[in-house]
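J.: 252 is the number of the first residue of the sequence shown in the numbering used here; add one for each residue after it.
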Amino acid sequence: MIDNKLGLQPKKTDKELYSYQKGAIGEIFEKFETAPDDYHLLYQLPTGGGKTVIFSEIVRQYLKTHKKKVLIMTHRVELSKQTSTMLTSFGVTNKVIDSKANLDDQDDYSCFVAMVETLNNRLNDGQLDISGVGLVIIDEAHYNSFTKLFKFFDKSFILGVTATPLSSNKELPMKGNYNELIAGESIGSLIENEFLARAEVFQYDMGLTSLEIGSNGDYTVKSSEDLYSSPAMLDKLLEAYKKHSNGKKALIFNNGINTSIMVYHTFREAGLPIAHLDNTATKKQRSEILKWFKETPDAILTSVSILTTGFDEPTIDTIILNRATKSLTLYYQMIGRGSRILNNKSMFTVIDLGNNHHRFGPWGADLDWGTIFRSPNFYMDKLMDDETIEGKFKHEMPEELRLEFAKSEEVYFDIKQTYKDVTFKGISSKVVLERSIEQHAKICIENSEDIYDALALAKLLGSDVDVRIDVYSKCISKSTHNFLSWLRDDYRKKLNSYLRANFDQVFEEIHGFPPED
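1) In terms of residue numbering, what span does the beta strand (DSSP E) encompassing Phe504 cover?
2) Anyone know if the C-beta pair for Ile694 and Val662 falls short of 8 Å?
3) Kindly confirm or deny that the region 282–292 and the region 442–454 touch, where touching means at least three C-beta pairs closer than 8 Å.
4) Can you give me the C-alpha to C-alpha distance between Ile571 and Asp355, rounded to a whole angstrom?
5) Is the number of C-beta pairs between the region 672–691 and the region 612–620 that are closer than 8 Å three or more?
6) Where does Gln378 fall in DSSP's three states?
7) Under the three-state reduction of DSSP, which class applies to Val514: helix, strand or coil?
8) Return the chain-ordered list of same chain residues with a C-beta closer than 6 Å to the C-beta of Pro627, the five sequence neighbours on each side being excluded.
9) Given a cut-off of 8 Å, decide if Thr580 and Thr415 are closer than it, judged by their beta-carbon atoms.
10) If contacts are defined as beta-carbon pairs under 8 Å, then Arg785 and Ile557 qualify, I think. What distance do you get, rounded to the angstrom?
11) The beta strand (DSSP E) spanning Thr325 covers which residue range?
12) Report yes if the C-beta of Ile508 is less than 7 Å from at least one heavy atom of the ligand HEM; otherwise report no.
13) Any idea what DSSP makes of Ile276, helix, strand or coil?
14) Provide the residue span of the alpha helix (DSSP H) that contains Gln690, from first to last.
15) Rounded to the nearest angstrom, what separates Phe436 and Leu296 at their Cα positions?
16) Just to confirm, is the Cβ distance from Asn573 to Tyr455 under 8 Å?
17) Given 8 Å as the limit, is there contact between the region 524–541 and the region 464–484, that is, 3 or more CB pairs closer than that?
18) Out of Glu641, Phe624, His732, which one is the CA nearest neighbour of Pro430?
19) Restricting to Cα atoms, I'd like to know which of Ile688, Glu759, Asn747, Lys667 is closest to Ser728.
20) Once the 5 residues before and after Ile433 are set aside, which same chain residues still bring their CB inside 6 Å of it?
21) Out of Lys426, Tyr742, Val722, state which residue places its alpha-carbon closest to the alpha-carbon of Glu638.
22) Within its chain, find whatever has a CB closer than 7 Å to the CB of His608; leave out the 5 residues flanking it on each side and keep chain order.
23) Quick one: is Arg373 buried, meaning 16 or more other Cβ sit within 10 Å of its Cβ, or exposed?
24) May I have the straight-line CA-CA distance separating Leu447 from Glu476, to the nearest angstrom?
25) Can you give, in chain order, each stretch of the alpha helix (DSSP H) that sits fully within the region 402–464 and has at least 4 residues?
26) Distance, Cα to Cα, Gly258 vs Ile388?
27) If we ignore side chains and look at the alpha-carbon of each, how far apart do Glu759 and Ala752 end up?
28) Check whether the region 305–318 and the region 365–381 touch, using three or more Cβ-Cβ pairs below 8 Å as the test.
29) Would Tyr582 be called buried (16 or more neighbouring beta carbons within 10 Å of its own) or exposed?
30) Assuming contact is defined by CB atoms lying nearer than 8 Å, are Glu564 and Phe544 in contact in what I supplied?
31) Does DSSP put Ser554 in a helix, in a strand, or in coil?
32) For Thr334, which residues of its own chain have a beta-carbon under 7 Å away from its beta-carbon, when the five flanking residues on both sides are left out?
33) Is Tyr479 helix, strand or coil by DSSP?
34) Does the distance from the CB of Glu655 to the CB of Leu708 come in under 8 Å?
35) Hey, quick one: how far does the alpha helix (DSSP H) through Ala709 stretch, first residue to last?
36) Could you have a look at Tyr492 and say whether DSSP puts it in helix, strand or coil?
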């Protein structure tokens with residue numbers, strides 16, 4: 252055993268390196284030997300692929316073969332602690348540089364783990380000697396908070412590791428800070444070889460055009476909370492959970508603390524075991540909540556993005572995206588929280604209530620990270636906006652309502668296609684709504700014994716009417732609030748009038764005999 256702190260201790264972990272991890276380490280070491288000392292290399296590997304294991308082994312081997320020190324940077328306290336623990340298990344003695352760290356003994360260490368902000372303060376104050384640092388490893392390298400520290404390490408080899416080599420700031424692409432990307436094993440391959448669990452996705456077609464984009468390029472918290480805190484959206488979330496994951500352990504991601512608190516109360520009132528966690532919780536509260544979540548088989552945890560990194564809980568069965576995002580990185584991070592495998596877990600559930608699957612494609616799709624690294628704007632600019640996404644939706648009548656129209660083979664009416672047909676023939680667009688009213692009247696009459704039944708069914712079609720009016724207004728490019736409000740009221744009046752005037756005739760056409768008096 253080597254006693255001095257500069258040396259390596261016996262490896263204490265039982266983790267075996269997989270072939271793809273060994274291959275990645277080999278590629279990276281080749282760069283150490285062939286690239287300049289100040290080279291910036293980026294390594295990509297999906298969440299759950301073992302990035303910390305890989306760079307811990309890299310540190311172990313680097314310290315054996317190089318007479319230089321290593322510094323690992325993270326952006327959160329939890330990640331610093333986890334990284335330090337993993338390094339120790341690989342036999343690498345290390346010192347964590349946090350706000351309380353005493354640096355009087357820094358010369359006794361060859362490996363340091365530091366929070367980015369703490370490190371920045373220590374370096375600006377001249378409290379840390381980094382002259383002997385040959386390798387800098389940056390965990391979750393897509394965060395731009397690290398780039399301000401690059402000036403201190405202009406002679407060091409920098410290795411950034413991330414699951415998604417796409418910058419958190421569109422104006423600061425990663426190719427501006429890294430010379431090269433090495434893409435690791437794909438999610439598909441890791442699933443195929445049983446290193447990650449397979450996702451079963453249930454996506455809901457959501458109306459998101461009320462959401463606003465903030466200065467960071469993602470949806471604002473305020474507009475998200477206005478939408479997702481509404482009673483209708485909370486009911487939809489609860490219904491989706493009960494339908495697809497009732498009684499299973501679930502992690503819910505929200506955009507906004509108020510929304511998460513509303514989710515907590517909604518589920519609690521439904522008698523479900525749920526806890527809420529956000530960044531205002533104390534360390535003790537956070538620890539207690541996460542312990543409860545780990546130990547409770549049917550636990551539900553609603554949160555606000557703080558569990559996207561540095562949180563591993565393999566027992567999670569369901570990930571619920573109760574939010575929309577424009578960030579591919581966040582999309583992959585959120586779903587990745589459920590991808591850890593267990594002996595009795597090879598699949599997990601994803602419930603998407605933010606059109607994220609429509610926006611980015613399936614989690615685990617074979618993305619060309621090399622192209623995304625080289626041309627991030629080209630990739631991001633190709634993503635569909637909400638209006639285009641929603642324009643492809645086919646409105647489905649809710650199951651409970653569909654049962655009221657059980658005698659009708661088809662209840663859907665294609666407003667957009669009907670609009671194209673009538674305008675192509677030079678007919679007034681008003682005909683679109685006339686035909687829609689006739690179709691609505693027909694399904695009401697098909698499922699009624701008399702006019703009163705039909706009028707009652709027509710009243711139930713409120714949401715269906717609203718959807719058709721919204722699609723129609725987009726077709727004619729008129730969508731002011733007053734106009735839409737008038738159009739909805741007018742549609743309902745005309746539907747009722749049509750039923751009163753034509754019930755007997757349409758009933759006889761459908762059934763071959765008149766209604767009973």
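Glycine is no exception: its CB is placed at the ideal position from the N, C-alpha and C atoms.
T.: Taking the coordinates as given:
1) On the sequence shown, residue 504 is found 253 positions in, with the first residue counted as 1. Run containing Phe504: 501–504, per the beta strand (DSSP E) assignment.
2) Translated into positions along the sequence shown, residue 694 becomes position 443. Translated into positions along the sequence shown, residue 662 becomes position 411. Yes, these two residues count as a Cβ contact at 8 Å.
3) no
4) As a first step, residue 571 is located in the sequence shown; it is residue number 320 there, counting from the start. As a first step, residue 355 is located in the sequence shown; it is residue number 104 there, counting from the start. Roughly 47 Å between the two C-alpha positions.
5) no
6) Locating residue 378 in the sequence shown gives position 127, counting from the first residue. In this structure, Gln378 counts as coil in the three-state DSSP scheme.
7) The sequence position of residue 514 within the sequence shown is 263, counting from 1. If DSSP states are grouped into helix, strand and coil, Val514 belongs with the helices.
8) Looking up residue 627 in the sequence shown gives position 376. Excluding sequence neighbours, Pro627 sits near Leu417, Pro424.
9) Taking the sequence shown and counting its residues from 1, one reaches residue 415 at position 164. Taking the sequence shown and counting its residues from 1, one reaches residue 580 at position 329. Yes, they are a contact pair.
10) Summary: the structure shown does not reach residue 785, with the chain confined to residues 252 through 768, and so no result is reported for it.
11) As a working mapping, residue 325 is identified with position 74 in the sequence shown. From DSSP, the beta strand (DSSP E) with Thr325 extends over 320–325.
12) Looking for the ligand HEM in the displayed structure turns up nothing, as the structure carries no ligands at all.
13) The residue labelled residue 276 in the question sits at position 25 within the sequence shown. Looking at Ile276 - three-state DSSP - the assignment turns out to be helix.
14) The residue given as residue 690 occupies position 439 in the sequence shown. Taken as a continuous stretch (DSSP letters only), the alpha helix (DSSP H) holding Gln690 covers 681–697.
15) Position 185 of the sequence shown holds residue 436. Position 45 of the sequence shown holds residue 296. Sequence inspection shows Glu at residue 436; the Phe mentioned does not correspond to that position. Cα to Cα, Glu436 sits roughly 6 Å from Leu296.
16) Mapped onto the sequence shown, residue 573 falls at position 322. Mapped onto the sequence shown, residue 455 falls at position 204. Contact: no.
17) no
18) Along the sequence shown, read from residue 1 onward, the residue named residue 430 stands at position 179. A quick correction: the sequence has Asn, not Pro, at residue 430. For the residues Glu641, Phe624, His732, the minimum Cα distance to Asn430 belongs to Phe624.
19) Mapped onto the sequence shown, residue 728 falls at position 477. Answer by Cα proximity: Lys667.
20) Working through the sequence shown from its first residue, we reach residue 433 at position 182. The residues are Glu278, Tyr294.
21) If you number the sequence shown from 1, residue 638 lands on position 387. Of the candidates Lys426, Tyr742, Val722, the one whose C-alpha sits nearest the C-alpha of Glu638 is Val722.
22) Numbered from 1 along the sequence shown, position 357 holds the residue referred to as residue 608. Counting only Cβ-Cβ distances below 7 Å, and skipping sequence neighbours, we find Val452, Gln454.
23) Taking the first residue of the sequence shown as position 1, residue 373 is located at position 122. The residue in question, Arg373, is buried, as its Cβ has 16 or more Cβ neighbours within 10 Å.
24) Mapped onto the sequence shown, residue 447 falls at position 196. Mapped onto the sequence shown, residue 476 falls at position 225. Rounded to the nearest angstrom, the two C-alpha atoms are 33 Å apart.
25) 438–443
26) Along the sequence shown, read from residue 1 onward, the residue named residue 258 stands at position 7. Along the sequence shown, read from residue 1 onward, the residue named residue 388 stands at position 137. For Gly258, the predicted structure reports a pLDDT of 49, less than 50, and the residue's modelled location is therefore unreliable. The matter cannot be settled from this model.
27) The residue labelled residue 759 in the question sits at position 508 within the sequence shown. The residue labelled residue 752 in the question sits at position 501 within the sequence shown. Their backbone Cα atoms lie some 14 Å apart in a straight line.
28) no
29) One-based indexing of the sequence shown puts residue 582 at position 331. The residue is buried, with at least 16 neighbouring Cβ atoms inside 10 Å.
30) Locating residue 564 in the sequence shown gives position 313, where the first residue counts as 1. Locating residue 544 in the sequence shown gives position 293, where the first residue counts as 1. Contact: yes.
31) By one-based count along the sequence shown, residue 554 stands at place 303. Looking at Ser554 - three-state DSSP - the assignment turns out to be strand.
32) Residue 334 sits at position 83 when you count from the first residue of the sequence shown. Excluding positions up to five away in sequence, the list reads Thr303, Ile323, Thr325, Val364, Asp390.
33) Translated into the one-based positions of the sequence shown, residue 479 becomes position 228. DSSP places Tyr479 in helix when its eight states are reduced to three.
34) Residue mapping note: residue 655 aligns to position 404 of the sequence shown, counting from 1. Residue mapping note: residue 708 aligns to position 457 of the sequence shown, counting from 1. Result yes, Cβ atoms of Glu655 and Leu708 sit closer than 8 Å.
35) To locate residue 709, count along the sequence shown from 1; it is residue 458. Where Ala709 is concerned, the enclosing alpha helix (DSSP H) stretches over 702–711.
36) Indexing the sequence shown from 1 puts residue 492 at position 241. If DSSP states are grouped into helix, strand and coil, Tyr492 belongs with the helices.
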